[in-house]
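FYI, this note's numbering numbers position 11 of the sequence shown as 11, with every residue one higher than the one before it.
We put the beta carbon where it would ideally sit given N, CA and C, even for glycine.
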Amino acid sequence: MHTSSEGGPALFRLVRHWARQWAPDVVERFADDAPPSWTVPNLFVIQAIDGATGDEVTVADVARQLGIDRSVASRMVTEAARAGFVERSTSTRDARRAVLALTEPAKEFLDASRAHQRQAFEGLVGHWPAADRERFAGYLSRLADEVLG
């Protein structure tokens with residue numbers, strides 16, 4: 001039986017595994033039958049806009065969500081807009097700011113991504129008892145909410 005004191009080392013072992021081996025393989029498999037515009041950077045922008053709070057989502061919100069510089073976020077948003085995932089409009093509060101919104105193709109990409117993420121999770125823990133899978137999913141969601149807001 002593992003103790004909670006082993007949680008830290010186990011977490012970092014998993015992060016190393018996903019960053020170096022598992023995640024690139026999953027992204028590659030996901031992209032096999034996907035449109036060329038379904039790239040990881042475009043998905044990050046879509047997820048950031050979808051996860052932002054407030055009635056007007058801006059490039060600054062995307063930068064904050066992704067933990068990157070505003071200029072990098074601006075380039076990523078421009079590419080996502082070029083790919084047809086993001087629409088820009090003028091802010092009703094400040095005419096100098098652009099407000100970002102997701103298009104239908106972005107929502108389709110996001111839905112496909114979430115389905116793929118659920119499938120990947122099931123691939124990892126699908127052999128566990130249902131109660132354990134649900135408990136673990138709840139703990140992961142709680143951790144993500146606490147760490148990422």
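Exposed or buried, which one is residue i when buried takes at least 16 other CB atoms within 10 Å?
{"i": "THR58", "result": "buried"}
{"i": "VAL125", "result": "exposed"}
{"i": "VAL45", "result": "buried"}
{"i": "GLN65", "result": "buried"}
{"i": "ALA80", "result": "buried"}
{"i": "LEU43", "result": "buried"}
{"i": "ALA63", "result": "buried"}
{"i": "LEU148", "result": "exposed"}
{"i": "LEU102", "result": "buried"}
{"i": "LEU11", "result": "exposed"}
{"i": "LEU100", "result": "buried"}
Who are the near neighbours of residue i in its chain, counting only those whose CB is closer than 6 Å to its CB and skipping five residues on each side?
{"i": "ALA98", "result": "ARG88"}
{"i": "ARG142", "result": "none"}
{"i": "GLY8", "result": "none"}
{"i": "ASP145", "result": "none"}
For residue i, which residues in the same chain have their Cβ closer than 7 Å to its Cβ, ignoring the five residues on either side in sequence?
{"i": "ALA60", "result": "ARG70"}
DSSP beta-bridge partners for residue i?
{"i": "SER176", "result": "As displayed, the chain neither begins before 1 nor continues past 149, which places residue 176 out of reach and without an answer."}
{"i": "VAL57", "result": "LEU100"}
Please check the pair residue i and residue j, which I expect to be a contact at CB under 8 Å, by giving their CB distance rounded to whole angstroms.
{"i": "MET76", "j": "PRO41", "result": "5 Å"}
{"i": "VAL86", "j": "ILE49", "result": "7 Å"}
{"i": "GLY84", "j": "PRO105", "result": "5 Å"}
Leaving aside the five residues before and after residue i along the sequence, list all residues of the same chain whose C-beta is less than 8 Å from its C-beta, in chain order.
{"i": "GLN47", "result": "GLN65, LEU110 and SER113"}
Item to check | Touching by the beta-carbon criterion (3+ pairs, under 8 Å), the region 129 to 144 and the region 82 to 96 | outcome: no
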